[in-house]
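Read through the structure below, which is laid out as structure tokens, and then see the notes.
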Amino acid sequence: MKGIMDSIVSPSQSAFIPGRLITDNVLLAFELNHYLKASSWSNNASVALKLDMSKAYDRVEWPFLRYILLKLGFESRFVHLIMLLVTTVSYSLTLNGEHFGYFRPERGIRQGDPLSPYLFIFVAEAFSCMLQEAERRGGVQGVAVCAAAPKISHLLFADDTLLFCKVKGEKIEEIQHILTIYERASRQVVNFSKSNMVMSGRIGEEEKQRLANRLGVRVASAHDRYLGLPAVAGRSRHALFHNIQDRMWTRIADGIVAGKGVLIKPTRMGGLGFRSLKNFNLALVVKQGWRLLTQPNTMLSRVLKAKYFPHCSFWEALKGSRPSLTWRSLLATKEILREGCGVQNEEDAQDEASTSGSYPRLTEGGAEIWHQLWNIPVPPCVRLQAWRFCYEAVPTMENLARRRVGIEVHCVLCGADTESLKHILLECSFARLVWALSNIPWNRLSCWSDGSAAWLSNAIHKLDKEDRAKFLTVCWALWQNRNKKRMEDIEQDPRRVVHDAFLLLQKYQEARTKLKVGLL
């Protein structure tokens, strides 16, 4: 069934169909709403109607679903099997912890069933076909962003529905008639209290309200959201999208150990692997630019070409007058497509583009130190502490003093100097004893001229594989020893510190070996 969806479902539906993306409908809605907003002084008035379907899956009428499947050409035995899956479901109720029997519903398809989205698309296809038939006989007139662009009367994503038509009394009545027939046949119900309409052109407020009352919806100045994204852009893009960014950063704000610049770096560069919103968004737009080149027959590609570059290629296209945010964003991808993907013209763009492939091209190249650090066989706590050392993201007395925390800054172990990270790991007399007892080549660790990251990088490059693991574990043990003395006033012998560090490393490596053997 999935393999033939594209050939039997109308182009206005973008949900769950291979080769179609939710973003196609989002960008089309953005483009159409931009057109409606730009034509507010036109005599040729249009309307955009956003419908909210109430309990869409639960209301599907079984005989109607069966009729649609047969009408679409599915073989009767196949339809019978599908209907057996749909109609043999049963439910039970749990009230105050007590279960009450089983009962069979008389309509609806199950939420969470992998087959249900496709079945609902077939139900919605009936509504789409009714609108297309009304367009063919002139009962409904869709909206085109320019004279050469295809007219669009509706956009669907499962049960999310946007309707577009010219504002004429008989056209509105035709839409109302289609909705009534569809509701009666499929048992779908439009929640008019959550639906709204946006009108463009020179229409008086009284006329707007009269048309809205006829359909039973409210009048809005603009659709605020479609499929979870803004449906129309104002002058400030920051005001348009900042709430999405704020919600994400609010979720991760607690417990972070570094700034945003570190968080969004790839792990190979010493970051935590969070994706940069700027670069990730650009990668998504690059994918849309690639689809514009490789799939010129999609509805979105046809609309954009007709409006912005009807007589030239995408590479020669200009911004034009009053461009939408969609088009301005796509234009920004041309140089990235040329430089990053080696595309010079439409003939070069033959393969698939993916966001996962585009995103790494938009981030900076990584440093070898981070690749080596993440692959050294040490416990995760040691690896994470080494990462913190590289950024000096540790509360040494020197770092706390920089933040004007009024406490004693001298080393708690030797009392001879200010407690910096360099002092704790390298210069303190206690640290020197630990390194001497560890048998790690001391002459390869003494240079700290360019900071902690360079010191760790130099040590990792110069030491062999076994000594690298010991080196990082001893660094971790020195920091743990400092914390015990500072927080608990526990003073340890240098031999004990070395012994505990190597014992931790030995147990970790033995556990890894057993795990590998077990998997084999």
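1 is the number of the first residue of the sequence shown in full-length UniProt numbering; add one for each residue after it.
Glycine is no exception: its CB is placed at the ideal position from the N, C-alpha and C atoms.
Measure the alpha-carbon distance for residue i versus residue j and round it to whole angstroms.
i, j, result
"histidine 461", "histidine 499", "25 Å"
"serine 54", "valine 189", "6 Å"
"serine 76", "tryptophan 62", "15 Å"
"glycine 19", "isoleucine 8", "13 Å"
"arginine 291", "alanine 38", "26 Å"
"glutamate 510", "threonine 396", "33 Å"
"serine 10", "methionine 130", "11 Å"
"glutamate 316", "phenylalanine 309", "8 Å"
"threonine 87", "arginine 59", "13 Å"
"valine 93", "glycine 101", "Sequence inspection shows leucine at residue 93; the valine mentioned does not correspond to that position. Taking the straight line from one Cα to the other gives about 7 Å."
"alanine 185", "isoleucine 178", "11 Å"
"glycine 365", "isoleucine 336", "Caution is warranted here: a pLDDT of 45 is assigned to glycine 365, below 50, making its placement in the model unreliable, and the coordinate value is therefore given only provisionally. One C-alpha to the other measures close to 16 Å."
"arginine 402", "valine 409", "10 Å"
"lysine 307", "isoleucine 22", "21 Å"
"asparagine 279", "glutamate 133", "43 Å"
"leucine 519", "glutamine 385", "Confidence at leucine 519 is low in this model, with a pLDDT of 43, below 50, so the placement of that residue should be treated as unreliable; the coordinate-derived value is given next. Going from the Cα of leucine 519 to the Cα of glutamine 385 covers about 29 Å."
"histidine 423", "cysteine 414", "10 Å"
"arginine 136", "alanine 332", "38 Å"
"glutamate 183", "phenylalanine 122", "15 Å"
"methionine 5", "valine 394", "56 Å"
"lysine 465", "leucine 433", "23 Å"
"arginine 328", "alanine 283", "15 Å"
"lysine 484", "leucine 503", "18 Å"
"glutamate 491", "arginine 512", "32 Å"
"leucine 515", "glycine 451", "37 Å"
"leucine 318", "leucine 304", "12 Å"
"methionine 83", "leucine 215", "34 Å"
"leucine 81", "phenylalanine 74", "11 Å"
"arginine 187", "proline 114", "22 Å"
"glycine 320", "histidine 311", "13 Å"
"serine 200", "alanine 149", "18 Å"
"valine 497", "lysine 334", "58 Å"
What are the residues that DSSP puts in a beta bridge with residue i?
i, result
"serine 200", "Ser46"
"arginine 218", "Asn196"
"tyrosine 91", "Phe103"
"serine 54", "Val189"
"isoleucine 121", "Paired residue(s): none; isoleucine 121 is not in a bridge."
"glutamate 205", "Paired residues: none, contrary to the question."
"phenylalanine 155", "The sequence shown places leucine at residue 155, rather than the phenylalanine named in the question. Answer by DSSP bridge pairing, in chain order: Leu162."
"residue 563", "Nothing can be reported for residue 563: it is not among the residues displayed for the chain, which extend from 1 to 520."
"histidine 410", "Thr418"
"glutamine 480", "Answer is none; glutamine 480 lacks a bridge partner."
"glutamate 31", "DSSP, once it has assigned bridges, lists no residue as partnering glutamate 31."
Can you give the beta carbon distance from residue i to residue j, rounded, assuming they're within the 8 Å contact cut?
i, j, result
"proline 377", "alanine 469", "6 Å"
"histidine 195", "lysine 71", "Reading off the sequence, residue 195 comes out as serine, not histidine. Not confirmed; about 28 Å, so no contact."
"residue 524", "glutamine 209", "With the chain covering 1 to 520 only, the question about residue 524 has no answer from this structure."
"leucine 36", "valine 198", "6 Å"
"alanine 48", "asparagine 33", "7 Å"
"alanine 431", "leucine 425", "6 Å"
"threonine 326", "glutamate 31", "6 Å"
"leucine 211", "isoleucine 152", "Their Cβ separation, rounded to whole angstroms, is 20 Å, which puts leucine 211 and isoleucine 152 out of contact at 8 Å."
"arginine 383", "tryptophan 370", "With 8 Å as the limit, arginine 383 and tryptophan 370 do not qualify as a contact, their Cβ atoms being about 11 Å apart."
"tyrosine 91", "phenylalanine 78", "Actually they are not in contact, since the Cβ atoms of tyrosine 91 and phenylalanine 78 sit about 26 Å apart, beyond 8 Å."
"glutamine 288", "leucine 330", "6 Å"
"phenylalanine 157", "serine 14", "5 Å"
Only counting the same chain, and skipping five residues up and downstream in sequence, which positions put a Cβ closer than 7 Å to that of residue i?
i, result
"tyrosine 57", "Gly108, Ile109, Gln111, Ser116, Phe120"
"leucine 400", "Ile407"
"leucine 155", "Ser12, Asn25, Leu28, Ala29, Leu162"
"leucine 505", "Val378, Ala469, Lys470, Thr473"
"serine 420", "Thr396, Glu398"
"glutamine 295", "Ser301"
"cysteine 411", "Asp417, Glu419, His423, Cys428"
"phenylalanine 16", "Pro117, Tyr118, Ile121"
"lysine 507", "none"
Tell me which same chain residues have a C-beta within less than 6 Å of the C-beta of residue i, skipping the five on either side of it?
i, result
"tryptophan 455", "Trp448"
"glycine 139", "Glu174"
"aspartate 52", "Asn191, Lys194, Ser195"
"alanine 453", "Cys390"
"leucine 445", "Ala459"
"residue 600", "The structure shown does not extend to residue 600, since the chain spans only 1 to 520, so no value can be given for it."
Keeping to the same chain, check which residues put their C-beta closer than 8 Å to that of residue i; ignore five residues upstream and five downstream.
i, result
"aspartate 467", "Ile440, Pro441"
- Task: Indicate whether the contact test is met: 3 or more Cβ pairs, each with one atom in the segment 98-112 and one in the segment 157-173, closer than 8 Å.
- Result: no
- Query: If we count Cβ pairs, one from each stretch, closer than 8 Å, do we get three or more for the segment 24-37 versus the segment 296-303?
  - Reply: yes
- Using 8 Å as the threshold, is the segment 475-495 in touch with the segment 380-393, meaning 3 or more CB pairs across them? yes
- Task: Check whether the segment 134-152 touches the segment 164-178, taking contact to mean three or more Cβ pairs, one atom from each stretch, closer than 8 Å.
- Result: yes
- So does the segment 62-71 actually touch the segment 123-139, counting three or more Cβ pairs closer than 8 Å? yes
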